[in-house]
Structure formats: structure tokens, C-alpha cells
Amino acid sequence: MQYKKPFYKKWWFCFVVVFITFFTNFVSGNTGIQDAQQTAIAKSTKVVKSNAKKVVTEKVTVKRRKATRKRKLAAKRKQKKRKRATKRNVRKVYIAPNSGRRYHFNPSCRGLRRAHGNITKISLKRAINQGYTLCKWED
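Each residue of the sequence shown is one higher than the one before, starting from 3 at the first, in my numbering.
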């Protein structure tokens with residue numbers, strides 16, 4: 003049995019591939035080197051044509067935009083923190099004043115079973131000030 007080489011390992015296939023790549027690059031007139039040179043020349047002419055003042059003003063405006071974005075983001079963060087703080091202070095919790103020292107976010111929490119219906123609704127801030135701590139079941 004004779005061993006046959008795959009077609010991509012034969013000499014004529016390599017010759018055809020080289021010929022096609024050479025033909026497509028040089029007949030069309032676009033080589034990678036020429037394209038790179040043309041883009042470099044175009045970039046340099048743009049820089050030469052632009053005024054120094056224009057470049058400086060563009061840099062300044064970019065810096066200003068970044069600074070205003072940072073300020074806006076900082077203001078949004080502060081506003082979110084304030085909203086969270088007010089939610090904490092306004093949030094209502096449930097306590098059993100006669101049978102425990104814990105507060106609960108859910109009025110049907112199993113930690114309130116011993117209260118037997120004697121449940122009071124107060125603000126979270128007030129509960130913390132009175133010495134109540136978070137229920138272990140809701141932790």
C-alpha cells in the first residue's frame with residue numbers, strides 16, 4: 003500500500019497558495035506596508051493642520067467633562083446614602099414590650115409567638131434607642 007500525502011503537503015499546493023497571495027496583493031496595488039505609510043502620513047498632516055490652541059481647548063473640554071461626570075456621580079452617591087438613612091429611620095418594626103428585647107421586621111415572625119398578640123409597631127430608630135436588638139430568626 004502506497005502512502006499518499008494530504009493535498010496541503012504537496013509542492014504544487016504551496017506554489018498555488020503563494021502565487022494567489024502574491025497576485026492579489028500586488029495586482030490590486032494595496033500592500034500592508036503602503037497602507038501603513040498612507041495612514042501615518044494622513045495622521046501627521048492632520049496634526050500639522052490643527053492649531054495648537056484647538057488641541058489645548060479639546061484637552062481642556064475633555065477634562066471638564068470628566069470632572070462634571072465625577073461630580074454628578076458623587077452627588078448621586080450622596081443622595082442614595084441619604085435615602086437609605088431616611089429609610090432606616092422611617093422603617094417600622096414590631097416589638098413585644100412585655101416579653102422580649104428584640105425587634106422584628108415581619109409581624110408574623112416566629113420570635114413574636116410568645117407575645118400572644120401583644121405586639122407594638124414603632125420606628126426602627128426608636129427601637130434601637132430603647133435597647134432592642136434584631137431578632138435572631140431574621141438575622
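Virtual Cβ for every residue (Gly too), placed ideally from N, Cα, C.
Tell me whether residue i sits in a helix, a strand or coil according to DSSP, three-state version.
i, result
"Lys94", "strand"
"Lys123", "strand"
"Arg103", "coil"
"Val50", "In this predicted model, Val50 has a pLDDT of only 49, less than 50, meaning its place in the structure is not dependable enough to derive any value."
"Gly6", "Sequence check: residue 6 is Lys here, not Gly. Lys6: coil per DSSP, three-state reduction."
Report the partner residues of residue i according to the DSSP bridge assignment.
i, result
"Leu75", "Its beta-bridge partners do not exist; DSSP assigns none."
"Leu136", "Tyr105"
Can you determine whether any heavy atom of the ligand GTP sits closer than 7 Å to the C-beta of residue i, and answer yes or no?
i, result
"Thr88", "Absence of the ligand GTP is noted for the structure shown, with no ligands found whatsoever."
Which same chain residues, not among the five before or five after residue i, have their C-beta less than 7 Å away from its C-beta?
i, result
"Lys123", "Lys94 and Tyr96"
Please return the same chain residues whose Cβ sits closer than 6 Å to the Cβ of residue i, not counting the five positions on each side in sequence.
i, result
"Tyr105", "Val95, Ile97, Ala129 and Tyr134"
Go through its chain and collect everything with a Cβ distance to residue i's Cβ below 8 Å, but skip five positions before and after it.
i, result
"Asn108", "Tyr96 and Glu140"
"Gly113", "Gly102, Arg104, His106, Cys137, Lys138, Trp139 and Glu140"
"Met116", "Here residue 116 turns out to be Arg, not Met, going by the sequence shown. For Arg116, where only same-chain residues beyond five positions count, the Cβ hits under 8 Å are Ala98, Ser101 and Gly102."
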